[in-house]
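Peer 1: Note that my numbering has the sequence shown beginning at 1, numbered continuously upward. Where is the CB? At the ideal position from N, CA and C, for every residue including glycine. Note that the coordinates shown come from a computational prediction; the quantities given were computed from them, not determined experimentally. Have a look at the structure that comes next, please.
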Amino acid sequence: MSVSRPLSLLDLAVVRSGESSAEAISRSTRLAKTADGLGYTRLWFAEHHNMPHISSSATALIIQHVAAATRNIRVGSGGIMLPNHAPLMIAEQFGTLETLFPGRIDLGLGRAPGTDGATMRALRRDGTEADRFHSDIMELHGYLAGESRIPGVNAYPGSGTNVPLFILGSSLFGAQLAAQLGLPYAFASHFAPQMLSQAAHMYREHFDASNSLLGPDAKPHFIAAANVIAHDDADVARSQRRQAENSWIRNMLGRNKTLTVEEVERLRDHPAGTQVLGMLQRTAAGTPDEVTAWLDAFADEVAADELILVNLAPDEAVQHRTLELLAPVPAAVPAHS
């Protein structure tokens with residue numbers, strides 16, 4: 001039994017307690033190799049800055065590393081925070097990636113800075129850059145399509161590579177813009193589920209093929225994100241879910257102090273902890289049949305064309321087993337052996 005929609009993966013390259021960034025990236029690479037032969041459509045990494053537990057800040061570099069270690073799966077950004085960058089530089093970076101790995105690179109674009117105000121200033125940004133998101137996407141698309149909007153300026157490499165663009169978001173703004181531009185849209189319901197249904201409806205209702213950057217034959221493509229843990233033993237999956245939830249509480253509420261296990265458990269019933277756990281409400285943990293049924297119902301609820309999964313299990317062996325049990329095509333042998 002497998003999920004009826006294409007399945008993709010979002011990896012935050014999380015650095016665990018007592019672990020180095022190198023170890024986190026190595027683990028992500030091992031998971032990518034497992035996913036590579038199992039029929040998953042794409043694997044995305046997200047741009048975040050000044051977050052000690054996330055090691056994908058130099059997103060194009062980790063994409064290159066993982067693409068080089070795999071053969072089939074598409075690799076890309078989920079996403080590049082475009083206000084942090086000049087469109088020309090992103091076109092050059094992803095044009096280079098597409099040149100190295102033809103037909104395997106995606107470029108998901110977000111409007112948020114992916115960090116806090118102080119770090120945004122360290123990035124030499126003042127917050128007004130997000131106001132140019134629409135025009136920056138148009139400029140970026142021009143470079144990648146070989147139709148530069150700035151006379152005499154082209155992306156080398158990049159020009160004519162037509163790296164696929166995706167709009168990412170967790171609000172109605174992204175849904176509206178993706179519909180207006182006729183581009184695929186991915187909603188971050190794995191941590192911001194509140195406006196998922198509204199965004200999905202708005203995107204489909206207002207999708208404008210006649211204005212699409214992909215041409216008049218473009219069709220809406222909606223991607224919804226969910227957290228998953230699958231295991232042969234349901235108790236193992238649910239125990240892993242609780243550990244993962246506690247890690248979220250620790251990371252979100254203990255940034256300036258070290259929380260004990262007892263403090264984290266108490267916070268689960270505190271309003272602040274309840275708010276953090278609410279971010280993870282779009283999570284399925286259990287046996288493969290339970291998780292598959294949940295994912296199918298979730299996809300039906302929002303008419304998703306594709307699901308992108310966050311592998312939430314803290315234990316690496318359970319992460320690999322999750323990929324195997326939910327794989328779109330069965331693996332002949334365990335993919336991480």
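Can you tell which of P151, T322 and N72 has the C-alpha that lies nearest to the C-alpha of D232?
Peer 2: Stepping through the sequence shown from its first residue, residue 232 is reached at position 232. With distances taken between Cα atoms, D232 lies closest to T322.
Peer 1: Using a 10 Å radius around the Cβ and a threshold of 16 neighbouring Cβ atoms, would you call N227 buried or exposed?
Peer 2: Counted from its first residue, the sequence shown places residue 227 at position 227. With 16 or more other Cβ atoms within 10 Å, it is buried.
Peer 1: Closer than 7 Å by C-beta to L177: which residues in its own chain qualify, once you throw out the five before and the five after it? Chain order, please.
Peer 2: Against the sequence shown, residue 177 aligns to sequence position 177. Same-chain partners within the cutoff: H134 and I167.
Peer 1: Buried or exposed: E301, going by 16 or more other Cβ atoms within 10 Å of its Cβ?
Peer 2: Residue numbering aside, residue 301 sits at position 301 when the sequence shown is read from its first letter. With fewer than 16 Cβ atoms within 10 Å of its Cβ, E301 is classed as exposed.
Peer 1: Looking at C-beta atoms only, is the number of pairs between the segment 85-96 and the segment 115-122 that lie closer than 8 Å three or more?
Peer 2: no
Peer 1: By alpha-carbon positions, which one of A224, G79, I249 and L181 ends up nearest to I105?
Peer 2: For the purposes of this step, residue 105 is taken as the residue at position 105 of the sequence shown. The candidate whose alpha carbon is nearest that of I105 is G79.
Peer 1: Tell me the rounded alpha-carbon separation between A303 and S2.
Peer 2: The residue labelled residue 303 in the question sits at position 303 within the sequence shown. The residue labelled residue 2 in the question sits at position 2 within the sequence shown. Going from the Cα of A303 to the Cα of S2 covers about 17 Å.
Peer 1: Just curious, the alpha helix (DSSP H) that R268 is in, first and last residue?
Peer 2: Here residue 268 is taken as the residue at index 268 of the sequence shown, counted from 1. Per DSSP, R268 belongs to no alpha helix (DSSP H) and is neither H nor E.
Peer 1: Identify whether N246 lies in helix, strand or coil by the three-state DSSP scheme.
Peer 2: What you label residue 246 is simply residue 246 of the sequence shown in a count that begins at 1. Note: N246 maps to helix in three-state DSSP.
Peer 1: Can you check which of these residues, R42, M51 and D36, is closest to E324 by C-alpha distance?
Peer 2: For this step, residue 324 is matched to residue 324 along the sequence shown. Checking every option, the nearest Cα to that of E324 belongs to D36.
Peer 1: Could you give the distance in angstroms between the alpha-carbon of I54 and the alpha-carbon of A297?
Peer 2: As a position in the sequence shown, residue 54 is number 54, starting the count at 1. As a position in the sequence shown, residue 297 is number 297, starting the count at 1. Roughly 30 Å between the two C-alpha positions.
Peer 1: Report back the beta-carbon spacing between R111 and P83 to the nearest angstrom; my notes put them in contact at under 8 Å.
Peer 2: Here residue 111 is taken as the residue at index 111 of the sequence shown, counted from 1. Here residue 83 is taken as the residue at index 83 of the sequence shown, counted from 1. R111 to P83, Cβ: 6 Å. Contact.
Peer 1: Label P334 either buried or exposed according to how many other C-beta atoms from any shown protein chain fall within 10 Å of its C-beta, with 16 as the threshold for buried.
Peer 2: In the sequence shown, the residue the question calls residue 334 occupies position 334. Here the model assigns P334 a pLDDT of 39, short of 50, so the residue's position is not dependable, and the following value carries that caveat. That one is exposed.
Peer 1: In chain order, what residues of the same chain have a beta carbon less than 8 Å from the beta carbon of Q240, not counting five sequence neighbours either side?
Peer 2: Your numbering for residue 240 matches position 240 in the sequence shown. Excluding positions up to five away in sequence, the list reads I229, H231, A285, L312, A313, P314, D315 and V318.
Peer 1: Does the segment 248-262 come close enough to the segment 192-202 to have 3 or more Cβ pairs within less than 8 Å?
Peer 2: no
Peer 1: Mapping the DSSP letters down to three states, classify V228 as helix, strand or coil.
Peer 2: By one-based count along the sequence shown, residue 228 stands at place 228. If DSSP states are grouped into helix, strand and coil, V228 belongs with the strands.
Peer 1: Tell me N311's beta-bridge partners as DSSP assigns them.
Peer 2: Against the sequence shown, residue 311 aligns to sequence position 311. Answer by DSSP bridge pairing, in chain order: V228.
Peer 1: How is the beta strand (DSSP E) around G286 delimited, first residue to last?
Peer 2: Here residue 286 corresponds to residue number 286 of the sequence shown, with the count starting at 1. Boundaries of the beta strand (DSSP E) around G286: T283 to G286.
Peer 1: According to DSSP, is F291 part of a helix, a strand, or is it coil?
Peer 2: Numbered from its first residue, the sequence shown carries residue 291 at position 291. The residue you asked about is not Phe; residue 291 is Val in the sequence shown. V291: helix per DSSP, three-state reduction.
Peer 1: In the DSSP output, what is L168 paired with across the bridge?
Peer 2: Residue 168 sits at position 168 when you count from the first residue of the sequence shown. Partner(s): A186.
Peer 1: Look at the alpha carbon of E290 and the alpha carbon of L309, and state the distance between them as a whole number of angstroms.
Peer 2: Walking along the sequence shown from the start, residue 290 turns up at place 290. Walking along the sequence shown from the start, residue 309 turns up at place 309. Using only the alpha carbons, I get a separation of about 15 Å.
Peer 1: Helix, strand or coil, according to DSSP, for R42 in the structure here?
Peer 2: To locate residue 42, count along the sequence shown from 1; it is residue 42. Residue state, collapsed to three classes: strand.
Peer 1: In three-state DSSP terms, what is G174?
Peer 2: As a first step, residue 174 is located in the sequence shown; it is residue number 174 there, counting from the start. In the structure shown, G174 sits in a helix (DSSP, three-state: H, G or I).
Peer 1: Could you give the first and the last residue of the continuous beta strand (DSSP E) run that contains G76?
Peer 2: Position 76 of the sequence shown holds residue 76. G76 -> beta strand (DSSP E) spans R74 to M81.
Peer 1: Find the nearest neighbour of L214 within the set D126, E129 and L144, judged by alpha-carbon distance.
Peer 2: Residue 214 sits at position 214 when you count from the first residue of the sequence shown. The option with the nearest alpha carbon to L214 is L144.
Peer 1: Quick one: residues in its chain with C-beta nearer than 8 Å to the C-beta of L12, no 5 flanking neighbours on either side, listed in chain order?
Peer 2: For this step, residue 12 is matched to residue 12 along the sequence shown. Cβ within range, chain order: F45, A46, H48, I54, S56 and V310.
Peer 1: According to DSSP, what are the bridge partners of F222?
Peer 2: The count along the sequence shown starts at 1 and reaches residue 222 at position 222. The partner list for F222 (beta bridge, DSSP) reads Y185.
Peer 1: So, using beta-carbon positions, are I271 and I223 closer together than 8 Å?
Peer 2: Looking up residue 271 in the sequence shown gives position 271. Looking up residue 223 in the sequence shown gives position 223. Note on identity: in this sequence residue 271 is Pro, with Ile being the wrong assignment. No, these two residues do not count as a Cβ contact at 8 Å.
Peer 1: Output the distance between the C-alpha atoms of D131 and H206, rounded to the nearest integer angstrom.
Peer 2: In the sequence shown, residue 131 corresponds to position 131, counting from 1. In the sequence shown, residue 206 corresponds to position 206, counting from 1. Roughly 21 Å between the two C-alpha positions.
Peer 1: Could you name the residues that DSSP lists as bridge partners for L107?
Peer 2: Looking up residue 107 in the sequence shown gives position 107. Checking the DSSP bridge columns, you'll see L107 partnered with S77 and L165.
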